[in-house]
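Student: Here it is, the structure, as structure tokens.
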Amino acid sequence: MRRKHLLPIAMTAFLLVGLSGKEAWPAWLPSANGLAGWDALARGIVLSSAQVTAPAAPIATGEKATQPQGLTGEPLVVSGITIAAGPNGETFVDIATTKAGGFRVSELDNPRRLVLDFDGARKGLRGTMFPSDSALITGVRVGQFQLDPAIVRVVADLLGDPRVDVHARSGGVRIELKARGTATARVRPAGKPIVAKISPPVATAPSSTVEAETLGDSEPSRTVRALPTPSLAEMALPRPIIAEESPAALKLAPALDPESMRSEHAAEVLSASLTPEEQVQAGGTEAPPEQPKYTGEPISVNLKDVDLKDFFRLIHEISGLNIIIDPNVIGSVTMVLDNVPWDQALDIVLKNNNLGKALEGNVLRIAKVETLTAEQTGAAKLVEARIDAQPLVTKFLPVNYAKAVTIAGLLKTWIGGGALSKRGTVLVDERTNTLIVSDIATQIPLITKVVAQLDTKSKQVSIEARVVLATNNFERDISTVLAYQYNNRSATTATGAATSQTSNGTATGSTSVSPSTITPFTPGGIVKSTAASGFGVWAIANQGANYIINAAIALAETTDQAKIISSPYIVTQNNTVGSVIQGVQIPYQTTINNTVSVQFIQASLQMTVTPQVTQDGNIFLIINVNNASPGALVLGVGTAINNQLATTQVLVPDGGTVVFGGVKVTNTEAAASYVPGLGKIPVLGRLFKSTKATDNKTDLMFFVTPKVLPG
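In my numbering, the protein residues as written are 467 to 1177.
Printed below as a string of structure tokens:
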């Protein structure tokens, strides 16, 4: 017995371009709630129309070809549906007909359905739904799919992935369903795409014949209409099911589901639902990203001279997007792609044909790039025209904490970018610190919100400083105490650098570190930076260490090892410089153009601090301390100034103390003693007197404690 495999082949039979009036949509397309035509075409459905003549192919049975019955004369009537269980777990669906006739079999996925179309048939059943309790099928639906030509459609809703065998039998057609563990038919692996033939509209399509074999000698032969054989392109779609032929069994190909598509005169609208995974980005006229990411389902296409509108219908069926095609979009596409995401294939076709896309909700508009550009330009001009037509509104915005001039400058640099519009203006009343804003009504709420966000209360920081003149012994003792605390803590972050002293006796110092190199303090930890020469910088992170420092300073004062020469206390706002000056101004005379004038030079202890409160509760300090004192008197010039300077940038916890020093101060004292009278005798007086010179070396140390004030 010979067997021939019937390959499901799809042909393009859409002749939509140029159709109008009553011929705007071909009558052969399905109506109401079914799949669109391109879905049927992509799944291997044979479509025919008045413009495409495809004469029915006679079926060869033995040596004589017979005309399929049901196309002429009395119509075939589908009169009954019976669902029964077989002895080996299979399920039989028997479709009763009044006489033999041609039918087509196809299969759809998601959900899986088996579709039988009986040509030249009428529905003779009163019901349309026939449920089943089988594990392989949920039920059968029957309906009059078309009236002219008459087609009855039978849809079997399958469960799972059973093997399917369809064959003609006496009195109708039987569908046999078997679980895959019991069937012997070969099936192509799931997920591997089938290849459906696609071609542009043609005048005629040739027909082919196949042989239908009966189950046994006792049963009469049944004729089945053959599929037309188109040519040209191939398109791959997933989930084929091609079963090996059993007696009188046919190969299964996807079929057309009852659904209609409407054609508008100005543009073609294809309706479908949109899921979030299937959305595509709009903006066909914008520059694409350097490396676009495509997430669409991979497809394989082999198209030759296919109309662009037909290609976009395919994209509609795959993506689920509603697509509107501009009437000016014309042309054809020839392409060969293998396993390419559908959205990438769409972009390729759009670029190749100078087309663009614009996504509005779940509707994708496709038009020429020039058309979309003109629309965007027109929309922008319309927005500008609406802005120009709106009246200006003036509002007074008082500023409480910030400077109105500063906020006005920010608003002016933001013109057209979100705050002020191009027609907006802003003035400042410095006396009342008020902004006077004039703009359109839609911008006033935004400007008010921006001003409110900028006009916030700044945090205030109190800074307590102690300037201590200490001996070397005190420096050693306090270093020992801090080093012990440091070695018993886990913090190891250096926050400053060493100070130094010049050789001419002028003491200078500098400690500096970038805030980005400072790590957060460990609670209770102490941070130290060892000086190359001198004391260096310590940052103390808890109140207990502060008590130790206070006790050490008090004890050193009682033993004359340390002396607090100044204790300034200031309060300043966040990111605002605060300074304290204590000392004298030394006058000196200058003569310019025979004019004598008196000027003053500062000889005082001066400290400037700039705090910055961080988001994590620490305080970043920029500290400058200068202890300037009168020096030696220079004849003809004036009094020299001795400077003792220390500079540091350090991160300190709220309430912690930073200690820095290393500025060496050397005082030289000379003392003479002699016997009265005898000590003044020239030459001999040296025998009766003595002289003593002492050098007192001290360190200038600074203890700074910042605190963030509440409120």
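Using N, Cα and C, we set each Cβ at its ideal position, and we do this for glycine too.
Go to V632, then tell me how far its beta strand (DSSP E) extends in each direction, as first and last residue.
Tutor: Working through the sequence shown from its first residue, we reach residue 632 at position 166. Run containing V632: 629 to 635, per the beta strand (DSSP E) assignment.
Student: On the premise that S1095 lies in contact with Q1069, defined as a C-beta separation below 8 Å, what is that separation, rounded to the nearest angstrom?
Tutor: Indexing the sequence shown from 1 puts residue 1069 at position 603. Indexing the sequence shown from 1 puts residue 1095 at position 629. In the sequence on display, residue 1069 carries Ala and not Gln. The Cβ separation is near 6 Å, so the contact holds.
Student: Closest Cβ-Cβ distance between L580 and chain D: below 8 Å?
Tutor: Absent here is chain D; the protein component of the structure consists of one chain.
Student: G626 by DSSP, collapsed to three states: which one?
Tutor: Translated into positions along the sequence shown, residue 626 becomes position 160. Three-state result, G626: coil.
Student: Taking the alpha carbon of A1018 as the reference point, which residue from Q1072, A936, T1038, G1083 has its own alpha carbon closest?
Tutor: Taking the first residue of the sequence shown as 1, we reach residue 1018 at position 552. The candidate whose alpha carbon is nearest that of A1018 is A936.
Student: Who are the Cβ neighbours of G1145 in its own chain at under 7 Å, not counting the five residues just before and after it?
Tutor: Taking the sequence shown and counting its residues from 1, the one referred to as residue 1145 is at position 679. These residues qualify, in order along the chain: G1151, F1154, K1155.
Student: By Cβ distance below 8 Å, which residues in the same chain neighbour D905 in space, the five residues on each side in sequence not counted?
Tutor: To locate residue 905, count along the sequence shown from 1; it is residue 439. Result list for D905: L858, V859, L886, S887, R889, G890, T891, I913, in chain order.
Student: With a cut-off of 8 Å on the beta carbons, I'd call I603 and T557 a contact; round off their distance for me.
Tutor: By one-based count along the sequence shown, residue 603 stands at place 137. By one-based count along the sequence shown, residue 557 stands at place 91. Yes, they are in contact, since the Cβ atoms of I603 and T557 sit about 6 Å apart, within 8 Å.
Student: With distances taken between CB atoms, is the gap from P541 to A587 smaller than 8 Å?
Tutor: Numbered from 1 along the sequence shown, position 75 holds the residue referred to as residue 541. Numbered from 1 along the sequence shown, position 121 holds the residue referred to as residue 587. Going by C-beta atoms, P541 is nearer than 8 Å to A587.
Student: By Cβ distance below 6 Å, which residues in the same chain neighbour N1012 in space, the five residues on each side in sequence not counted?
Tutor: For this step, residue 1012 is matched to residue 546 along the sequence shown. Cβ within range, chain order: T1123.
Student: Tell me, to the nearest whole angstrom, how far the beta carbon of V630 is from that of L582; I am working on the premise that it is less than 8 Å.
Tutor: For the purposes of this step, residue 630 is taken as residue 164 along the sequence shown, with counting starting at 1. For the purposes of this step, residue 582 is taken as residue 116 along the sequence shown, with counting starting at 1. In fact, because the Cβ distance is near 11 Å, the residues do not count as touching under 8 Å.
Student: Would A1028 and F940 be called neighbours here (beta carbons separated by less than 8 Å)?
Tutor: Here residue 1028 refers to the residue found at position 562 of the sequence shown. Here residue 940 refers to the residue found at position 474 of the sequence shown. Cβ atoms of A1028 and F940: closer than 8 Å.
Student: Please identify the residue among L580, G546, R579 whose C-alpha is closest to the C-alpha of T594.
Tutor: Mapped onto the sequence shown, residue 594 falls at position 128. Closest option to T594, Cα to Cα, is G546.
Student: Count the other CB atoms within 10 Å of the CB of Q1065; is the residue buried (16 or more) or exposed (fewer)?
Tutor: For the purposes of this step, residue 1065 is taken as the residue at position 599 of the sequence shown. Classification of Q1065: exposed, given that the 10 Å Cβ count is below 16.
Student: Could you name the residues of the same chain whose beta carbon sits closer than 8 Å to that of Q1051, not counting the 5 residues immediately before and after it, in chain order?
Tutor: Looking up residue 1051 in the sequence shown gives position 585. Excluding residues within five positions, the ones whose Cβ falls inside 8 Å are F1066, I1067, Q1068, A1069, S1070.
Student: Alpha carbon to alpha carbon, how far is S766 from D585? Give it in angstroms, no decimals.
Tutor: In the sequence shown, the residue the question calls residue 585 occupies position 119. In the sequence shown, the residue the question calls residue 766 occupies position 300. Each residue's Cα considered, the two are about 32 Å apart.
Student: Quick one: measure Cβ to Cβ for I1047 and Q1072, integer angstroms, because I've assumed they're closer than 8 Å.
Tutor: By one-based count along the sequence shown, residue 1047 stands at place 581. By one-based count along the sequence shown, residue 1072 stands at place 606. Yes, they are in contact, since the Cβ atoms of I1047 and Q1072 sit about 5 Å apart, within 8 Å.
Student: Between which two residues does the beta strand (DSSP E) harbouring K847 extend?
Tutor: One-based indexing of the sequence shown puts residue 847 at position 381. That residue, K847, is in no beta strand (DSSP E); its alpha helix (DSSP H) goes 835 to 855.
Student: May I ask which residues mark the beginning and end of the alpha helix (DSSP H) holding R779?
Tutor: Taking the first residue of the sequence shown as 1, we reach residue 779 at position 313. Taken as a continuous stretch (DSSP letters only), the alpha helix (DSSP H) holding R779 covers 774 to 785.
Student: Nearest to E826 by alpha carbon, out of N794, R942, K834, L787?
Tutor: Reading the sequence shown from its first residue, position 360 is the one you call residue 826. Cα-wise, what sits closest to E826 is L787.
Student: If we ignore side chains and look at the alpha-carbon of each, how far apart do A907 and Q856 end up?
Tutor: Walking along the sequence shown from the start, residue 907 turns up at place 441. Walking along the sequence shown from the start, residue 856 turns up at place 390. Straight-line Cα distance between these residues: approximately 8 Å.
Student: So, is T1038 buried or exposed, given that buried needs 16 or more other C-beta atoms within 10 angstroms?
Tutor: Working through the sequence shown from its first residue, we reach residue 1038 at position 572. Its Cβ being crowded by 16 or more others within 10 Å, T1038 is buried.
Student: Please name the residue in V927, V849, L830, V632 whose C-alpha comes closest to that of V559.
Tutor: If you number the sequence shown from 1, residue 559 lands on position 93. The option with the nearest alpha carbon to V559 is V632.
Student: Helix, strand or coil: which one does DSSP assign to P553?
Tutor: Here residue 553 refers to the residue found at position 87 when the sequence shown is read from its first residue. Of the three classes helix, strand and coil, the one that applies to P553 here is coil, per DSSP.
Student: Which same chain residues, not among the five before or five after T1157, have their C-beta less than 6 Å away from its C-beta?
Tutor: Mapped onto the sequence shown, residue 1157 falls at position 691. So the qualifying residues of the chain are A1138.
Student: Can you list, in chain order, the residues of its chain with a C-beta nearer than 8 Å to that of L624? Leave out the 5 residues immediately preceding and following it.
Tutor: Counted from its first residue, the sequence shown places residue 624 at position 158. Cβ neighbours of L624 beyond the five flanking positions: P577, R578, R579, L580, L602, I603, T604, V630, L643.
Student: Closest to I1089 by CA distance: which of G1083, R932, G1104 is it?
Tutor: If you number the sequence shown from 1, residue 1089 lands on position 623. For the residues G1083, R932, G1104, the minimum Cα distance to I1089 belongs to R932.
Student: Which one or two residues does DSSP pair with A547 in a beta bridge?
Tutor: Walking along the sequence shown from the start, residue 547 turns up at place 81. Ala is not the amino acid found at residue 547; the sequence shown has Ile there. Paired residues: I561.
Student: How many angstroms separate the CA atom of G638 from the CA atom of D627?
Tutor: The count along the sequence shown starts at 1 and reaches residue 638 at position 172. The count along the sequence shown starts at 1 and reaches residue 627 at position 161. Approximately 25 Å, taken between the alpha carbons.
Student: Apply the 10 Å Cβ neighbour rule to I525 and answer buried if 16 or more other Cβ atoms are within range, or exposed otherwise.
Tutor: Position 59 of the sequence shown, counted from the first residue, corresponds to residue 525. Any reading at I525 needs caution, since the residue's pLDDT is 29, under 50, leaving its predicted position unreliable; the model's value is listed next. Classification of I525: buried, given that the 10 Å Cβ count is 16 or more.
Student: Have a look at A516 and S798 and give me their C-alpha separation to the nearest angstrom.
Tutor: Walking along the sequence shown from the start, residue 516 turns up at place 50. Walking along the sequence shown from the start, residue 798 turns up at place 332. The pLDDT assigned to A516 is 30, lower than 50, so where the model puts this residue is not dependable; a value taken from the coordinates is nonetheless given after this. A516 and S798: Cα-Cα distance of roughly 23 Å.
Student: Return helix, strand or coil for N820, following the three-state DSSP convention.
Tutor: Numbered from its first residue, the sequence shown carries residue 820 at position 354. Three-state result, N820: coil.
Student: Less than 8 Å between the CB atoms is what I'm expecting for K589 and G609, so what's the real figure, rounded?
Tutor: Sequence index remark: in the sequence shown, residue 589 carries index 123 (1-based). Sequence index remark: in the sequence shown, residue 609 carries index 143 (1-based). With a Cβ gap of about 7 Å, K589 and G609 count as contacting.
Student: With a cut-off of 8 Å on the beta carbons, I'd call I549 and S598 a contact; round off their distance for me.
Tutor: In the sequence shown, the residue the question calls residue 549 occupies position 83. In the sequence shown, the residue the question calls residue 598 occupies position 132. Confirmed, Cβ separation roughly 5 Å.
Student: For a quick check, are the C-beta atoms of L920 and L863 less than 8 Å apart?
Tutor: Looking up residue 920 in the sequence shown gives position 454. Looking up residue 863 in the sequence shown gives position 397. Their beta carbons are not under 8 Å apart, which means L920 does not touch L863 by this criterion.
Student: Could you tell me the alpha carbon to alpha carbon distance between E573 and T839, rounded to whole angstroms?
Tutor: Mapped onto the sequence shown, residue 573 falls at position 107. Mapped onto the sequence shown, residue 839 falls at position 373. So the alpha carbons of these two residues sit roughly 44 Å apart.
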